[in-house]
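**Student:**
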Ligand code: DC
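Residue numbers (this note's numbering): 823 to 1037.
1. How many Å lie between residue 824 and residue 865 at the Cα?
2. Could you tell me if residue 877 is buried or exposed, where buried requires 16 or more neighbouring beta carbons within 10 angstroms of its beta carbon?
3. Between residue 996 and the ligand DC, is there a pair consisting of the residue's CB and a ligand heavy atom that are separated by less than 8 Å?
4. On the DSSP bridge list, what partners appear for residue 940?
5. Report the partner residues of residue 904 according to the DSSP bridge assignment.
6. If you count every other CB in all the chains shown that lies within 10 Å of the CB of residue 998, and 16 or more means buried, which is it?
7. With a 10 Å radius around its C-beta and 16 neighbouring C-beta atoms as the bar for buried, classify residue 827 as buried or exposed.
8. Using 10 angstroms around the beta-carbon of residue 962, count the other beta-carbons present and answer buried if the total reaches 16, otherwise exposed.
9. Does the beta carbon of residue 989 fall short of 8 Å from some heavy atom of the ligand HEM?
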């Protein structure tokens, strides 16, 4: 497929460990578009609060941390930690934090030539007019298996049932919060990757995008 030439926004949402991040990176590379993993912005806020020994539920302090987030300085290697992901899910329930980060994310998306953004509320809130919306999911058990495998490869000996419970708790928090809960946008294409490898998901996503560009 040829790279996109005009402004084009691809919104990818889905739960933790669904494969949306890998898919977003691959699509951005293929289409020569900038990519923003919006989860990193929530993780950066959580990380700053943890480093400063601040509570995760004090909204004014969390908003101040959100205002200091610099997209150019997000470091996935530091922010990837499982515990930071859980803390990010806690700071993400606060409306003031969301408003601050959504504004940053929209600025990124609206800069030509467009972008691929992945997160929980991209198709529903951040970029409701995105050209293509994908909702990537997989069963909780399959997502826990992937996360467990990843951690084993890094030499982290973790119990599978602990990971499964964390994934279920995170889903409940992300889908159950009152502000911008995780859910598929009305016009999102659903990609269930439970029985699919990344290559198949990538091919299917490219076909959906090609359809949107030519249709
Ligand atoms: O995708 P991730 O695991 O890096 O996200 C960490 C947490 O950040 C996630 O559990 C909820 C929150 N988040 C959000 O509320 N909205 C987004 N667009 C991205 C992430």
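Just so it is clear, CB atoms sit at the ideal spot from N, CA and C, and this is done for glycine as well.
**Tutor:** Taking the coordinates as given:
1. A caution first: residue 824 carries a pLDDT of 45, below 50, which makes its placement in the model too unreliable to give a value.
2. exposed
3. yes
4. 834, 859
5. Looking at the DSSP assignment, residue 904 forms no beta bridge with any residue, so it has no partner.
6. exposed
7. Any reading at residue 827 is ruled out, since the residue's pLDDT is 48, under 50, leaving its predicted position unreliable.
8. buried
9. By its list of ligands, the structure shown excludes the ligand HEM, since it contains just the ligand DC.
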